[in-house]
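Numbering-wise, the UniProt record's numbering puts 56 at position 56 of the sequence shown, and it's gapless, one number per residue.
Think of the CB as a built atom: it goes at the ideal place given N, C-alpha and C, for glycine as much as any other residue.
What follows is one structure encoded as structure tokens, with my remarks underneath.
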Amino acid sequence: MEPLTNPITIAVAAYQGINPFHLSIPHTVFSNVLNQNGSPRFRVITCALEENQIESAMGFSITTQYGIEGFQQADIIMVPSWHRIDIAPPEEFIDVLKQANRQGVKIVGLCLGAFVLAKAGLLNGKAATTHWKWANAFSLRYPEVELRAAELYIDEGNILTSAGMAAAIDCCLHMLRQICGAEIANQVARQMVVAPHRQGGQAQFIEIPLPVSRQDDRISQVLNWAAQHPELPHSIDSLAQKGALSRRTFTRHVRQTTGTTVMQWLLNQRIAKAQRMLESGHHSMEKIATESGFNTVASLRQHFTKALNISPSSYRKQFKIKADQSPSK
Numbered sequence: 001m002e003p004l005t006n007p008i009t010i011a012v013a014a015y016q017g018i019n020p021f022h023l024s025i026p027h028t029v030f031s032n033v034l035n036q037n038g039s040p041r042f043r044v045i046t047c048a049l050e051e052n053q054i055e056s057a058m059g060f061s062i063t064t065q066y067g068i069e070g071f072q073q074a075d076i077i078m079v080p081s082w083h084r085i086d087i088a089p090p091e092e093f094i095d096v097l098k099q100a101n102r103q104g105v106k107i108v109g110l111c112l113g114a115f116v117l118a119k120a121g122l123l124n125g126k127a128a129t130t131h132w133k134w135a136n137a138f139s140l141r142y143p144e145v146e147l148r149a150a151e152l153y154i155d156e157g158n159i160l161t162s163a164g165m166a167a168a169i170d171c172c173l174h175m176l177r178q179i180c181g182a183e184i185a186n187q188v189a190r191q192m193v194v195a196p197h198r199q200g201g202q203a204q205f206i207e208i209p210l211p212v213s214r215q216d217d218r219i220s221q222v223l224n225w226a227a228q229h230p231e232l233p234h235s236i237d238s239l240a241q242k243g244a245l246s247r248r249t250f251t252r253h254v255r256q257t258t259g260t261t262v263m264q265w266l267l268n269q270r271i272a273k274a275q276r277m278l279e280s281g282h283h284s285m286e287k288i289a290t291e292s293g294f295n296t297v298a299s300l301r302q303h304f305t306k307a308l309n310i311s312p313s314s315y316r317k318q319f320k321i322k323a324d325q326s327p328s329k
């Protein structure tokens, strides 16, 4: 039986005028994830930076259970965007972030939340990203930060930043994948009906979810079948034939559905299968190569490393370390 563990506490900062969508992203991604024994893996709390009654940008009020003192119990602190770049965060919150950083708490700035982390000095000498519209303003204001405006999100260990709304989801799914593995992250992505992931920085933990379509959608049926059998010698023609479609029609619809080519999508699914098998830590490299459709260990290593910038053996080692760790609180 899986040992009982305390959930990982994620404290989300709330401020006057917050966009409810920004606030909802961490809750949506993390709140319903369970351990194998049915206990919650995460505890997501909302902490008001000033008064507990928040007036949202959408015209309704949000009452929070916690004030700024709630951050003291956090394993992860998230700043889901910010009012405007010309509004300074409260000094008390800046002090909270600095203290949390010294204690090794993971701190995440989603969208304009990167400005708050930079104001606290947490991004000095590090790489970061933010919403493209405010990238120039960020660079001018914080020249000591290496801004990578083209990235969807950037993981600097205990400090993460992301671009706009959709990229905030990407960043949270990346974190979920680090903590819980590919299978759980993919399940959550499916539930959210997330579009295929746009490639960005730190790609090694990203898995492209399958498209969610109507039950009778032939393209969806073929892709789901192919994803369940990545070890078979699929070709564009064989998959098109299975869907009773011409090669041209099939390739056009696959690109429309997945945002990529047939063979690139299939490669992504084979890499995802290899990731899941590596995370279990129980399979030989030969078995993983065969069952994920790469046939040889050399081919697995070549494609895996090229796509994710990490070797299969190093990837497995990382997840073995994570499996041996338990939450600190």
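Following the DSSP letters along the chain, one finds residue 255 inside the alpha helix (DSSP H) bounded by residues 247-258. In the DSSP assignment, residue 78 is bridged to 12 and 108. Cβ-Cβ distances below 7 Å link residue 145 to 118, 123, 124, 126 and 128 in the same chain, with the five nearest sequence neighbours on each side left out; the list follows chain order.
Taking a 10 Å sphere around the C-beta of residue 306, we find fewer than 16 other C-beta atoms and assign the residue as exposed.
Using a C-beta cut-off of 8 Å, the stretch 107-114 makes contact with the stretch 149-168, since at least three inter-stretch Cβ pairs fall below that distance. For residue 286 and residue 121, the gap between their C-alpha atoms comes out near 47 Å.
Pairing residue 167 with residue 272, the inter-Cα distance amounts to about 20 Å.
If only uninterrupted beta strand (DSSP E) runs of at least 3 residues are considered, those enclosed by the stretch 81-144 are 106-110. Short of 7 Å from the beta carbon of residue 53, and not among the five residues preceding or following it, lie these beta carbons of its own chain, in chain order: 61 and 63.
If one requires a minimum length of 4 residues, the alpha helix (DSSP H) runs lying completely within the UniProt domain "HTH araC/xylS-type" (220-318) are 236-242, 247-258, 262-280, 285-291 and 297-308, in chain order. DSSP places residue 43 within a strand segment (E or B) once states are collapsed to three. For residue 28, the enclosing alpha helix (DSSP H) covers residues 20-30.
Residue 86 sits away from residue 105, with the two beta carbons spaced by 8 Å or more. Nearest Cα to residue 79 within the set 179, 39, 172 and 181: 172.
Proximity to residue 183 across 165, 22 and 276 peaks at 276, based on C-alpha coordinates. When beta bridges are read from the DSSP output, residue 155 appears opposite 160. The beta-bridge partner set that DSSP reports for residue 34 consists of 40.
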